[in-house]
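Peer 1: In terms of the numbering used here, the numbers along the sequence shown are unbroken and rise by one, the last being 326.
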Amino acid sequence: MINFKERSNQKEFLDDFQGDSHELAAVLNDINRVNRILGGNRITANAVFRLIEERPKDSYTILDMGCGEGEMLRALAILARKKNISLKLTGIDLNSDALKIAKQASLEFPELTFLEKDVLSADFSDYNCDIVITTLTMHHFQDSDILNFAQQFTRLASIGVVINDLQRNALAYYLFKVFSLIFIKTKVAKQDGLTSIRRGFRKSELIALSSSLSDIHHEISWKWAFRYVWIMRK
Ligand SMILES: C[S@@+](CC[C@H](N)C(=O)[O-])C[C@H]1O[C@@H](n2cnc3c(N)ncnc32)[C@H](O)[C@@H]1O
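1) Could you spell out where the beta strand (DSSP E) holding Ala-249 opens and where it closes?
2) Could you give the DSSP three-state label for Glu-146: helix, strand or coil?
3) Rounded to whole angstroms, what's the CA-CA distance from Ala-137 to Asp-112? Just pull it up for me.
4) Out of curiosity, what's the CA-to-CA distance linking Leu-207 and Asp-150?
5) List the residues that DSSP assigns as beta-bridge partners of Arg-136.
6) Are Asp-156 and Gly-183 touching if we call contact CB-CB under 7 Å?
7) Please report the straight-line C-alpha distance between Lys-282 and Ile-170, rounded to a whole angstrom.
8) Following the continuous beta strand (DSSP E) through Val-224, name the residue where it begins and the one where it ends.
9) Taking C-beta to C-beta, are Phe-245 and Val-253 nearer than 7 Å?
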């Protein structure tokens with residue numbers, strides 16, 4: 093029996109990926125397909141544009157921590173163009189191969205830049221931005237790192253932070269197994285998807301973390317399919 097009571101410590105293949113850049117592109121493509129079909133990116137985008145509407149200004153800077161191959165940033169750029177909102181978007185990731193794919197896929201997006209950094213150890217004291225986002229990245233971290241990670245983001249962002257990550261439960265796990273038979277091609281994405289759910293969160297755990305971040309207004313909501321969006325407003 094799989095234990096869903098506690099977060100798993102099992103590493104994902106993507107955390108120490110041994111394949112070449114073609115194999116990595118196929119895995120990232122699978123993750124993008126899941127996000128598109130299950131609406132994962134829309135959850136972050138809706139939260140970002142809510143923050144923007146609440147705090148009108150001429151333009152906004154957004155940092156995406158653990159951006160992978162940058163699909164989330166391109167989705168935000170396309171929506172912002174439609175809404176006539178000026179955005180400057182920076183994607184940060186420690187995986188240089190993912191960033192190469194991101195840069196190649198973003199040639200039509202001059203508003204995007206990418207930086208190679210480990211978000212847990214990088215010094216962001218010289219940076220500032222309006223909004224920090226992070227989608228499907230927090231579950232890669234140990235409990236002990238998550239508070240540092242969230243504190244660093246709240247210092248960095250002048251408007252707020254949007255975290256979009258997975259709910260950990262048995263139903264999500266077994267439905268993903270069925271879903272992956274049809275929609276996921278690579279073994280790594282299938283296996284990592286299941287590990288990710290076991291590394292995901294319960295709402296009570298997010299609420300406990302939020303109580304350590306004072307002077308911030310927290311909104312934590314469940315979204316289909318088995319996601320939590322945690323919006324922090326300064
Ligand atoms: C599951 S992918 C999510 C990518 C993208 N945000 C999305 O929603 O499709 C997690 C990403 O986090 C990155 N990542 C994991 N740990 C990181 C760290 N310590 N610093 C920077 N990036 C990290 C991985 O390289 C990977 O690209």
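All C-beta atoms in this analysis are idealised placements derived from N, C-alpha and C, irrespective of residue type, glycine included.
Peer 2: Here's the rundown:
1) Unbroken beta strand (DSSP E) run through Ala-249: 249-258.
2) DSSP places Glu-146 in helix when its eight states are reduced to three.
3) Answer to the nearest angstrom: the Cα atoms are 31 Å apart.
4) Each residue's CA atom was taken as its position, placing Leu-207 and Asp-150 some 24 Å apart.
5) It should be noted that the sequence gives Thr, not Arg, for residue 136. Beta-bridge pairing links Thr-136 to no other residue.
6) With contacts defined as CB atoms closer than 7 Å, Asp-156 and Gly-183 qualify as a contacting pair.
7) Looking at the backbone, the Cα of Lys-282 and that of Ile-170 are separated by about 29 Å.
8) Element bounds for Val-224: 221-227.
9) Taking 7 Å as the Cβ cut-off, Phe-245 and Val-253 qualify as a contacting pair.
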